[in-house]
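Asks:
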Amino acid sequence: MSDDMPSEYHRRLPYGERMSADPLLGGPFFPFEGDLQVVPLDEPVLPEPPRAGEPGGQPCMTCADPEWGAIWADDQWILKGGLQNGLQMVALLVPREHYRLDNLPPELTATLGPMIQRVAGAIRRIDGVGRTHFNRWGDGSEHFHIWFLARPLGMMQLRGAMIAAWDDLLPKLPDEESKANARTVAQALTELSGTPLGIAAD
């Protein structure tokens, strides 16, 4: 292990070792059982590689093609989604302009909370959706984005952070159902403002 670690936290981690999966096994939200191996923990990569949109990184995909995958937009925000996922809806809310979380202008930040409420409510209009989960991971692209994931009604195993893994594991929705769900979400958002786009406008 390198002595050049960024903090005491980093220095005490067991790099190169496999940690036990036991704390997760048998948990109500963990979708795996049986013999599981945790991959060995890698040492930190410093400096961190640039994200898409950062100097030295790949170009920002959102800026290169702002309406790719978009199902709704207004003058400030774009909602992308409606692809064939295992969940009824996985969507991405991005600002039209290229901002990071730390430099979102105050006037745009003031609309973020209401937009989260609107998108979550619009996704719940899809037949059979119990709740809408949302999250920001922020490691793939510098362009600020929030993920929204539909948790199917009654599917209690899908609660919590592992819902993103369940999305990869569940059978993909038929194309027409994905499009219909996108239209439902876009129309719900359009009741207040904005315009349906892409497959939601067909």
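Numbering of the sequence shown is given in our numbering, commencing with residue 3 and proceeding in unit increments. C-beta: ideal position from N, C-alpha, C; glycine also.
Quick check: the Cα distance between V187 and I201, rounded to an integer number of angstroms?
Replies: Numbered from its first residue, the sequence shown carries residue 187 at position 185. Numbered from its first residue, the sequence shown carries residue 201 at position 199. The alpha-carbon atoms of V187 and I201 are separated by roughly 11 Å.
Asks: Give every residue of the same chain whose Cβ lies closer than 8 Å to the Cβ of A184, excluding the five residues on either side of it in the sequence, and list them in chain order.
Replies: Your numbering for residue 184 matches position 182 in the sequence shown. Excluding sequence neighbours, A184 sits near I73, G83, G84, M91, G200, I201, A202.
Asks: Taking the beta strand (DSSP E) that R120 belongs to, which residues open and close that run?
Replies: Sequence index remark: in the sequence shown, residue 120 carries index 118 (1-based). First-last for R120: 108 to 125, but that is the alpha helix (DSSP H), not the beta strand (DSSP E).
Asks: Look at the alpha carbon of S143 and the alpha carbon of N137, and state the distance between them as a whole number of angstroms.
Replies: As a position in the sequence shown, residue 143 is number 141, starting the count at 1. As a position in the sequence shown, residue 137 is number 135, starting the count at 1. One C-alpha to the other measures close to 14 Å.
Asks: Do you know whose CA, among A75, L160, Q86, L106, lies nearest V121's CA?
Replies: Translated into the one-based positions of the sequence shown, residue 121 becomes position 119. When each option's Cα is compared against that of V121, the closest is A75.
Asks: When burial is assigned at 16 or more other CB atoms within 10 Å of the CB, is A66 buried or exposed?
Replies: Along the sequence shown, one-based indexing puts residue 66 at 64. Looking at its Cβ environment, which holds fewer than 16 other Cβ atoms inside 10 Å, A66 is exposed.
Asks: How about the segment 100 to 120 and the segment 54 to 71: do they share at least three Cβ pairs that are nearer than 8 Å?
Replies: Counting Cβ pairs under 8 Å, three or more are found: they touch.
Asks: Let me know if W79 comes out buried or exposed under the rule of 16 or more other beta-carbons within 10 Å of its beta-carbon.
Replies: The sequence position of residue 79 within the sequence shown is 77, counting from 1. When all chains shown are included, W79 counts as buried.
Asks: Suppose you measure from the CA of M63 to the CA of H145; what does that come to, to the nearest Å?
Replies: Counting from 1 along the sequence shown, the entry for residue 63 is found at position 61. Counting from 1 along the sequence shown, the entry for residue 145 is found at position 143. Distance between the alpha carbons of M63 and H145: 9 Å.
Asks: Below 8 Å on the Cβ atoms is my guess for T134 versus I125; work out the distance and round it to an integer in Å.
Replies: The residue you call residue 134 lines up with position 132 of the sequence shown. The residue you call residue 125 lines up with position 123 of the sequence shown. The Cβ separation is near 4 Å, so the contact holds.
Asks: With DSSP as the reference, label N183 as helix, strand or coil.
Replies: Locating residue 183 in the sequence shown gives position 181, where the first residue counts as 1. Helix at N183.
Asks: Output the boundary residues of the beta strand (DSSP E) element that contains A163.
Replies: Taking the first residue of the sequence shown as position 1, residue 163 is located at position 161. No beta strand (DSSP E) holds A163; DSSP gives it neither H nor E.
Asks: Select from T111, A152, G115 the residue whose C-alpha is nearest the C-alpha of I129.
Replies: The residue labelled residue 129 in the question sits at position 127 within the sequence shown. This sequence places Asp at residue 129; Ile is not what is there. Of the candidates T111, A152, G115, the one whose C-alpha sits nearest the C-alpha of D129 is A152.
Asks: By Cβ distance, which residues of its chain are closer than 8 Å to P173, with the 5 residues on each side in sequence left out?
Replies: Within the sequence shown, residue 173 is the residue found at index 171, counting from 1. Cβ neighbours of P173 beyond the five flanking positions: G88.
Asks: Exposed or buried, which one is S9 when buried takes at least 16 other CB atoms within 10 Å?
Replies: Numbered from 1 along the sequence shown, position 7 holds the residue referred to as residue 9. Exposed is the call here.
Asks: Taking just the CA atoms, how far does S195 sit from D77?
Replies: The residue labelled residue 77 in the question sits at position 75 within the sequence shown. The residue labelled residue 195 in the question sits at position 193 within the sequence shown. If you take the alpha carbons of D77 and S195, they lie about 9 Å apart.
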